[in-house]
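Participant:
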Amino acid sequence: MNSFLHLMPLFLVSLGGVVLMLLSAIGKFSTKHYIYMCVAFLALAEAFQVLHVWQLYSIDLYPQIFNGMIIADSYSSYFNAILIMGAILILLISEHYFAMQKHFRGEFFSIMLFSVFAMMMLVQSTELISAFIALEIASLCVYIMIGFQKDHHKRIEASYKYLVVGSISGAIFLLGVGLIYAGLQTTHLGELAHQIQYKENLNLVIVGASMILIMFLFKISAFPFQSWAIDVYDGAPLPVTGYMAAAFKISIFGFMLRAMLVDFEDIKGIWTNMLIFITIATLVYGSFLALIQKSVKRMLAASSIVHTGYLLIAFISTTTMPEEASSSLIFYQVAYFLSSVGAFGLISYIVSDDKLRITYNDFKGFAKTEPTMAASMSVFMLSLAGIPSTIGFMGKFYIFSGAISAGYSYLSIVAIIATGISIYYYFKLIAVMYFYPPSDGASVPMLRGITPKIIGLLALATIWGGVGNIIITYFPDVDFIIDLAQIAYKSLFL
C-alpha cells in the first residue's frame, strides 16, 4: 500500500492525459473546461506528492514489476512537486492566452499531462534505459506542443528545429548508454556506481558517460549547444516557452544530478575542466545574446542561457561540496521557476485579439495603463537580475558563496559580472514601462479571471523568498526550501 501511495502521482497524471484525450474526441467542452480538468488531475497528484515531501525516505517501487527501474524518494518527491505545481501555474496563468488562441483543444492539454508524466518518470529513473524512454516521451510531447498551431509557420519551424536537435541529442544519449553497458554489463545507476569502483579499464564508460553529458548540455542549452534555444523559445507559444525554460530544465537537472552524485561519483572529476570552460562560455555568450535582443520574449529566452550557467556553477561545485552545492542548485531552480513562469505568464496575459505584445515598444508606458501588472513584472525582472529582497538574490547568493567555498572563486567572479550585465537588459524593460509614454494601442484586456491573481501570487512569492523570514519568522520561507533540498539530497544515499 505504501508503494501504491507513492505511485499515485504518476498514475493520476497519466490517467488525466488519457481522460482528456478521450474527452477531446467528443468535442463538447470549451478550452476553459479542459484547463480546469487538467488542473484537477494535477492538483490531486500534487496532494499525494506533498504527503511525504518533508520526510527522509527511499522506496523501490514494486521491484517485481518495475525491476528497480524507478524509485520513490525524497529527492524525486521534491522535484515532482515542483514539476506538478509548475504545470498547474502555467495552465492557470495562461488561461486567457489559451482562450484567445482558438486552436488549443483538449489534445493539447492531454499532451501536456503526458509530458509532465514523462518528466516525473525521468526524475524517478534509476536506470539509463528508463531515463531514455522518459526523456524521449517528454521531448516528443514538447515537439507537438510547440507546433500545435499547424497553420503558423513560425511554430512549425521551431518544432522542426527542436525535433532535429532533440533527435541528435537522444541518439548521442542512447549511444552513450550502449557504451556504458558494453563496459559494465549494466545500466542500473546503483550497480554502475559499484562496478566503477572496482573496474580497472573505464575507457568505454568514460566515453559513454561523456555522451550522456553532451545530451544534458544540449537539453539545458549550454554553450556550444545553445544555438537552437532562442529560435525555438521565440517560435513556441508563450505558455510552452515558459514551460520549456523552467519545468523541462528542472527535470533534466534532476536526473543528471542524481546520475552524477550516485552513478558517476568516482569519475565526475574528469569533466570538471571542460565544464568550467562551458560554464564561463555559457555565461558570457548568453549575456551577449540577451543584450542585443529587441523582443522581450527573445531576451528572456537568451537570459535563460545565462541562468543555465549559474546552475552549472552549482553542478561543478558538487565535485568538492556535494551536499551544499546540490542544495543550492535545487533551490535556485525554484527561484528561477517562480520568476520565469511569472514573466512569461504575464506576457501571455496581455495578448489581445489582434496583437501579440512581445517587444520593448509594446511595454512603453505600461505602468500608467496597468500599474499592478507593471509592478508584478518589475518584481520578476528584479528577481531574475538577482536584486536583494527577492528570491533570485537568495538563489544567486547560495550558488556564488557555495562556489567560493568549493574552491571555484573565479566562476563566482564571472557569474557576478554576468549578473551585473543582466541588470541592463532586465532594467531596460522596467525603464520602458515606467519612464516612457504609452504607445499606440497599448491598452490590454481587462483584469479578469484567475490569471491576474496567479501573477500577483507569484510576485508575492518572489518577494517572500527574499524577505519573508525577516517579516514573519515562523512562516515557511527560504530556510524551509533549503531544508527540503537537503533532505532530498540525503535520500539519494539511503
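Numbering (this note's numbering), first residue to last: 139 to 632. Backbone N, C-alpha and C define an ideal beta-carbon position, used for all residues, glycine too. In this text, all values refer to a predicted model and were calculated from it rather than measured experimentally.
1) Excluding sequence positions up to five away, which residues of its chain have a Cβ less than 7 Å from the Cβ of residue 165?
2) Tell me the DSSP secondary structure of residue 491 in three-state form.
3) One question on the structure: do residue 392 and residue 417 come within less than 7 Å of each other, judged by their Cβ atoms?
4) Out of 148, 271, 413, point me to the one whose CA is closest to residue 258's CA.
5) Give a yes or no on contact between the segment 281-295 and the segment 222-232, applying the rule of three or more CB pairs nearer than 8 Å.
6) Put residue 458 into one of helix, strand or coil per three-state DSSP.
7) Assuming residue 390 is part of the beta strand (DSSP E), what are its boundary residues?
8) Is DSSP giving residue 190 helix, strand or coil here?
9) Kindly provide the ranges of any alpha helix (DSSP H) runs that are 4 or more residues long and lie completely inside the segment 491-518, ordered along the chain.
10) From residue 571 to residue 509, what distance separates their C-alpha atoms?
11) Could you check which residue in 266, 597, 442, 541 has the C-alpha nearest to that of residue 511?
12) Since residue 314 and residue 350 are thought to touch, with beta carbons under 8 Å apart, how far apart are those beta carbons, to the nearest angstrom?
13) Taking the C-alpha atoms as reference points, what is the distance between residue 187 and residue 449?
14) Buried or exposed: where does residue 172 fall if 16 or more other Cβ atoms within 10 Å of its Cβ makes it buried?
15) Please report the residue range of the beta strand (DSSP E) in which residue 210 lies.
16) Is the segment 236-245 in contact with the segment 294-309, if contact means three or more CB pairs nearer than 8 Å?
17) Nearest to residue 521 by CA position, among 475, 507, 553, is which residue?
18) So, at 8 Å on beta carbons, what are the nonlocal neighbours of residue 523 in its own chain, with the 5 sequence-adjacent residues on each side left out?
19) Look at the alpha carbon of residue 445 and the alpha carbon of residue 354, and state the distance between them as a whole number of angstroms.
20) Considering Cα atoms alone, identify which of 504, 626, 628 is closest to residue 576.
21) Determine the direct distance from the alpha carbon of residue 573 to that of residue 158, and round the result to whole angstroms.
22) Quick check: the segment 381-389 against the segment 476-483, are at least 3 beta-carbon pairs closer than 8 Å?
23) Taking just the CA atoms, how far does residue 265 sit from residue 334?
24) DSSP three-state call for residue 451: helix, strand or coil?
25) Which whole-angstrom value describes the C-beta separation of residue 423 and residue 361, a residue pair presumed to lie in contact below a C-beta threshold of 8 Å?
26) Apart from the five residues on each side of it in sequence, which residues of its chain come closer than 8 Å, Cβ to Cβ, to residue 605?
27) Does the distance from the CB of residue 151 to the CB of residue 251 come in under 7 Å?
28) Could you pull out every residue in the same chain whose Cβ sits closer than 7 Å to the Cβ of residue 120, ignoring the five residues on either side in sequence?
29) Tell me, please, whether the segment 326-341 touches the segment 306-313 by the rule of three or more beta-carbon pairs shorter than 8 Å.
30) Check the C-beta distance from residue 370 over to residue 284 and give it rounded, since I have them as a contact under 8 Å.
31) Report the option in 625, 486, 533 whose CA atom is closest to the CA atom of residue 590.
32) Put residue 365 into one of helix, strand or coil per three-state DSSP.
33) Between the alpha carbons of residue 595 and residue 603, how many angstroms are there, rounded?
34) Expressed to the nearest angstrom, what Euclidean distance is found between the alpha-carbon atoms of residue 629 and residue 287?
35) Please report the straight-line C-alpha distance between residue 168 and residue 379, rounded to a whole angstrom.
36) Between residue 519 and residue 502, what straight-line distance do the alpha-carbon atoms span, to the nearest angstrom?
Facilitator: Looking at the coordinates:
1) none
2) Residue placement at residue 491 is flagged as unreliable, the pLDDT there being 45, under the threshold of 50; a coordinate-derived value is accordingly withheld.
3) no
4) 148
5) no
6) coil
7) That residue, residue 390, is in no beta strand (DSSP E); its alpha helix (DSSP H) goes 387-396.
8) coil
9) 504-507
10) 9 Å
11) 597
12) 4 Å
13) 25 Å
14) buried
15) 209-211
16) no
17) 475
18) 530, 557, 560, 561, 564, 565
19) 15 Å
20) 504
21) 46 Å
22) yes
23) 15 Å
24) helix
25) 5 Å
26) 527
27) yes
28) With the chain covering only 139 through 632, there is no way to say anything about residue 120.
29) no
30) 7 Å
31) 486
32) coil
33) 12 Å
34) 42 Å
35) 23 Å
36) 16 Å
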